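Presented below is the structure to which this report refers.
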Amino acid sequence: MRAVKILLLLMIATTFDSECHLVFGQALQGKNADWDRIVAAANKEGKVVVSIPTSAELRKQLESSFAAKFPGIELDLNAARGGININKIVEENNAGVHSIDLHVGGTTSIITGLLGQNLLEPLAPAMVLPEVKEAKNWWGGHIWIDHTKKYVYSFTAYITETAWYNSTLVKPEEITSYDDLVNPKWKGKIAILDPRTPGSGESTWSFLWKIKGEQYLTKLAGQDMLVGRNLRQLAEAVARGKSALSIGVSYYTYLPFIKAGLPVKPISVIKEGFYASTGSGNVALIKDAPHPNAATVFLNWLLSKEGQTVFTKALGQPTRRLDVDTKWTREFGHVSVKEALTPEKYDEIENSSEDVVLKIRKPAMQLANKLFK
Numbered sequence: 517m518r519a520v521k522i523l524l525l526l527m528i529a530t531t532f533d534s535e536c537h538l539v540f541g542q543a544l545q546g547k548n549a550d551w552d553r554i555v556a557a558a559n560k561e562g563k564v565v566v567s568i569p570t571s572a573e574l575r576k577q578l579e580s581s582f583a584a585k586f587p588g589i590e591l592d593l594n595a596a597r598g599g600i601n602i603n604k605i606v607e608e609n610n611a612g613v614h615s616i617d618l619h620v621g622g623t624t625s626i627i628t629g630l631l632g633q634n635l636l637e638p639l640a641p642a643m644v645l646p647e648v649k650e651a652k653n654w655w656g657g658h659i660w661i662d663h664t665k666k667y668v669y670s671f672t673a674y675i676t677e678t679a680w681y682n683s684t685l686v687k688p689e690e691i692t693s694y695d696d697l698v699n700p701k702w703k704g705k706i707a708i709l710d711p712r713t714p715g716s717g718e719s720t721w722s723f724l725w726k727i728k729g730e731q732y733l734t735k736l737a738g739q740d741m742l743v744g745r746n747l748r749q750l751a752e753a754v755a756r757g758k759s760a761l762s763i764g765v766s767y768y769t770y771l772p773f774i775k776a777g778l779p780v781k782p783i784s785v786i787k788e789g790f791y792a793s794t795g796s797g798n799v800a801l802i803k804d805a806p807h808p809n810a811a812t813v814f815l816n817w818l819l820s821k822e823g824q825t826v827f828t829k830a831l832g833q834p835t836r837r838l839d840v841d842t843k844w845t846r847e848f849g850h851v852s853v854k855e856a857l858t859p860e861k862y863d864e865i866e867n868s869s870e871d872v873v874l875k876i877r878k879p880a881m882q883l884a885n886k887l888f889k
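Residue numbers are given in my numbering: position 268 of the sequence shown equals residue 784, and the series is strictly consecutive.
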């Protein structure tokens, strides 16, 4: 009798174990089948169009890495300053044309140009892969720029250093406070990315508006600065010694000059400190995208460990993914929040959210429009 009971218990356990494995296997198969279905549909679409920051290195790395992973999907990259890419999307939408699937870039132009005109799709439903959608894989969990936490996802975060100098013309000890920038010594020797348009120049300008005030910015504008919108030209002006300093020009623009051994370095120590930024690491899905499945594939690849490694290495802007090394970016003026801040402190000094854009960056830009004509 005892033997029969044991046999019955073994049969029940085996049946239960088989059913559990069957259900678990079906769940895994369902997930894989869903992803496989999306990839198959993306291959039929054959193309994904993404607007990205102006960086030859980023373009090259994204194209080669994505093609190796998804050879059936052509990656068409529109590399330009954020404002230019946003204007194109808006103008096309007004004409009833839709050519771009995703936008990657800074937040001001996204919030004022895309979110404000209802041109974005909710992004969370397109985060399909577990390594992408699980918050535990990201420092600070999932961070969204917009109030609703639906449309603009930030995958990078760092303490930004957007003031650089030519080390043959400037000694580090000469710039230890933002007040030093208004020293008559530097009149006519500072280059600045135009703060009247969205970008890192406007971001730095708005940070200075917040901590130093309008009187300070009026003095800074009176320094007879080289104001431009061509990032490479501004970086080259410093690298070649035409300008001694730059404001709002970041590592990825200086990268070709760094590789060439030219004397450009970030100002790493300054009394008032720096702000925390998401830089160019914000992604949004465009409404009525022409290649929705390919857009989903690219989004998940971009936010994967592989995609974030590629992006971080190309731009030097550190990802929030916890499984990607970002310690090395400190050398290039970008200190990862993973290495330096708590999420609570990040919230205090961040310069990218919708609240900051509307309450600080927009009025600071309005001042810039008055001072630079």
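From the three backbone atoms N, C-alpha and C, an ideal C-beta is built for every residue, glycine too. For clarity, every value in this text was computed on a predicted model and none was experimentally measured.
Assign L727 to one of two classes, buried (16 or more other C-beta atoms within 10 Å of its C-beta) or exposed (fewer than that). Mapped onto the sequence shown, residue 727 falls at position 211. What sits at residue 727 in the sequence shown is Ile, not Leu. Exposed.
How many Å lie between L593 and A760 at the Cα? Position 77 of the sequence shown, counted from the first residue, corresponds to residue 593. Position 244 of the sequence shown, counted from the first residue, corresponds to residue 760. Answer to the nearest angstrom: the Cα atoms are 33 Å apart.
Where the beta strand (DSSP E) through T676 begins and ends: Here residue 676 corresponds to residue number 160 of the sequence shown, with the count starting at 1. Y674 to T676 is the span of the beta strand (DSSP E), which, as asked, contains T676.
Use the C-beta contact count for A751: other C-beta atoms within 10 angstroms, 16 or more gives buried, fewer gives exposed. Here residue 751 is taken as the residue at index 235 of the sequence shown, counted from 1. The residue in question, A751, is buried, as its Cβ has 16 or more Cβ neighbours within 10 Å.
Under 8 Å, do Y694 and V851 count as touching if we go by C-beta distance? Mapped onto the sequence shown, residue 694 falls at position 178. Mapped onto the sequence shown, residue 851 falls at position 335. No, the Cβ-Cβ distance between Y694 and V851 is not below 8 Å.
Counting C-beta neighbours from all protein chains within 10 Å, is the total for E866 16 or more, i.e. buried, or is it exposed? Working through the sequence shown from its first residue, we reach residue 866 at position 350. Buried, since its Cβ has 16 or more Cβ neighbours within 10 Å.
Check the C-beta distance from H619 over to N601 and give it rounded, since I have them as a contact under 8 Å. By one-based count along the sequence shown, residue 619 stands at place 103. By one-based count along the sequence shown, residue 601 stands at place 85. Right, the Cβ-Cβ distance comes to about 6 Å (below 8 Å), so this counts as a contact.
Any 3 or more C-beta pairs closer than 8 Å across the region 676–694 and the region 778–791: yes
Following the continuous alpha helix (DSSP H) through N594, name the residue where it begins and the one where it ends. Indexing the sequence shown from 1 puts residue 594 at position 78. No alpha helix (DSSP H) holds N594; the beta strand (DSSP E) holding it covers E590 to A595.
Reference W680; option with closest CA among P779, D552 and L857: Locating residue 680 in the sequence shown gives position 164, where the first residue counts as 1. Cα-wise, what sits closest to W680 is P779.
Mapping the DSSP letters down to three states, classify E788 as helix, strand or coil. As a first step, residue 788 must be located in the sequence shown, where it is residue number 272. In this structure, E788 counts as coil in the three-state DSSP scheme.
Kindly provide the ranges of any beta strand (DSSP E) runs that are 3 or more residues long and lie completely inside the region 807–840, ordered along the chain. none
On the criterion of 16 or more Cβ atoms from any shown chain inside 10 Å, does P569 qualify as buried, or is it exposed? By one-based count along the sequence shown, residue 569 stands at place 53. Its Cβ being crowded by 16 or more others within 10 Å, P569 is buried.
What did DSSP end up calling A707 once you bin it into helix, strand or coil? Residue 707 sits at position 191 when you count from the first residue of the sequence shown. It is a strand residue.
Put G632 into one of helix, strand or coil per three-state DSSP. For the purposes of this step, residue 632 is taken as the residue at position 116 of the sequence shown. Here G632 sits in coil by DSSP.
Thinking C-alpha only, which one of S762, Q824 and S625 is nearest R837? In the sequence shown, the residue the question calls residue 837 occupies position 321. It is Q824.
Start and end of the alpha helix (DSSP H) containing Y862? One-based indexing of the sequence shown puts residue 862 at position 346. Taken as a continuous stretch (DSSP letters only), the alpha helix (DSSP H) holding Y862 covers P859 to I865.
Measure the C-alpha to C-alpha separation of L742 and T794 and round it to an integer number of angstroms. The residue labelled residue 742 in the question sits at position 226 within the sequence shown. The residue labelled residue 794 in the question sits at position 278 within the sequence shown. Taking the straight line from one Cα to the other gives about 26 Å.
Just mark S461 as buried or exposed, buried being the case when its beta carbon has 16 or more other beta carbons within 10 Å. Because the chain spans 517 through 889 in this model, residue 461 falls outside it and cannot be assessed.
Could you check whether the region 637–650 touches the region 578–590, counting it as contact only if at least three pairs of C-beta atoms, one from each stretch, sit closer than 8 Å? no
Just to confirm the assignment, what range does the alpha helix (DSSP H) spanning W725 have? Taking the first residue of the sequence shown as position 1, residue 725 is located at position 209. Taken as a continuous stretch (DSSP letters only), the alpha helix (DSSP H) holding W725 covers S716 to K728.
Below 6 Å CB to CB, which residues in the same chain sit around G599 once its five sequence neighbours on both sides are set aside? Along the sequence shown, one-based indexing puts residue 599 at 83. Hits under 6 Å: S625, T713 and P714.
Would you check if the region 796–804 and the region 661–674 touch, i.e. whether three or more CB-CB distances between them fall below 8 Å? yes
Considering just the uninterrupted stretch of the beta strand (DSSP E) at N682, what are its terminal residues? Numbered from its first residue, the sequence shown carries residue 682 at position 166. A679 to N682 is the span of the beta strand (DSSP E), which, as asked, contains N682.
Considering only their Cβ atoms, is the gap separating K803 from L636 smaller than 8 Å? Locating residue 636 in the sequence shown gives position 120, where the first residue counts as 1. Locating residue 803 in the sequence shown gives position 287, where the first residue counts as 1. Yes, the pair counts as a contact, with Cβ atoms nearer than the cut-off.
Helix, strand or coil: which one does DSSP assign to N759? Here residue 759 is taken as the residue at index 243 of the sequence shown, counted from 1. Before going on, a small fix: residue 759 reads as Ser here, not Asn. Coil.
Since I616 and I605 are thought to touch, with beta carbons under 8 Å apart, how far apart are those beta carbons, to the nearest angstrom? Counting from one through the sequence shown, the residue named residue 616 turns up at place 100. Counting from one through the sequence shown, the residue named residue 605 turns up at place 89. Indeed, because the Cβ distance is near 5 Å, the residues count as touching under 8 Å.
Less than 8 Å between the CB atoms is what I'm expecting for V555 and S820, so what's the real figure, rounded? Here residue 555 refers to the residue found at position 39 when the sequence shown is read from its first residue. Here residue 820 refers to the residue found at position 304 when the sequence shown is read from its first residue. About 13 Å separates the two Cβ atoms, so there is no contact after all.
Burial state of D710, where buried means 16 or more other Cβ atoms lie within 10 Å: The residue labelled residue 710 in the question sits at position 194 within the sequence shown. With 16 or more other Cβ atoms within 10 Å, it is buried.
What residue from T845, S581 and P806 has the CA that sits closest to K560's CA? Start at 1 with the first residue of the sequence shown, and residue 560 comes out as number 44. Among T845, S581 and P806, the Cα nearest to that of K560 is on P806.
Is W844 buried or exposed, if buried means 16 or more other CB atoms sit within 10 Å of its CB? If you number the sequence shown from 1, residue 844 lands on position 328. Exposed is the call here.
Throw me the rounded Cβ distance for the V754 and A707 pair, which I believe falls under 8 Å. Numbered from 1 along the sequence shown, position 238 holds the residue referred to as residue 754. Numbered from 1 along the sequence shown, position 191 holds the residue referred to as residue 707. At roughly 6 Å, the Cβ-Cβ gap stays under 8 Å, so V754 and A707 are in contact.
Take E535 and list the residues in its own chain whose beta-carbon comes closer than 8 Å to its own, dropping the five residues that flank it on each side. Position 19 of the sequence shown, counting from 1, holds the residue named residue 535. Note that E535 scores a pLDDT of 39, beneath 50, so its modelled location is shaky; the value from the coordinates is reported in the next line. Cβ within range, chain order: n/a, list empty.
For the alpha helix (DSSP H) containing N653, name the first residue and the last one. Locating residue 653 in the sequence shown gives position 137, where the first residue counts as 1. Note, N653: premise wrong, no alpha helix (DSSP H); not H, not E.
Would you tell me roughly how many angstroms separate the C-alpha atoms of G621 and R597, rounded to the nearest one? Position 105 of the sequence shown, counted from the start, is the residue given in the question as residue 621. Position 81 of the sequence shown, counted from the start, is the residue given in the question as residue 597. Approximately 8 Å, taken between the alpha carbons.
Where does the unbroken beta strand (DSSP E) through K781 begin, and where does it stop? The residue labelled residue 781 in the question sits at position 265 within the sequence shown. Unbroken beta strand (DSSP E) run through K781: V780 to P782.
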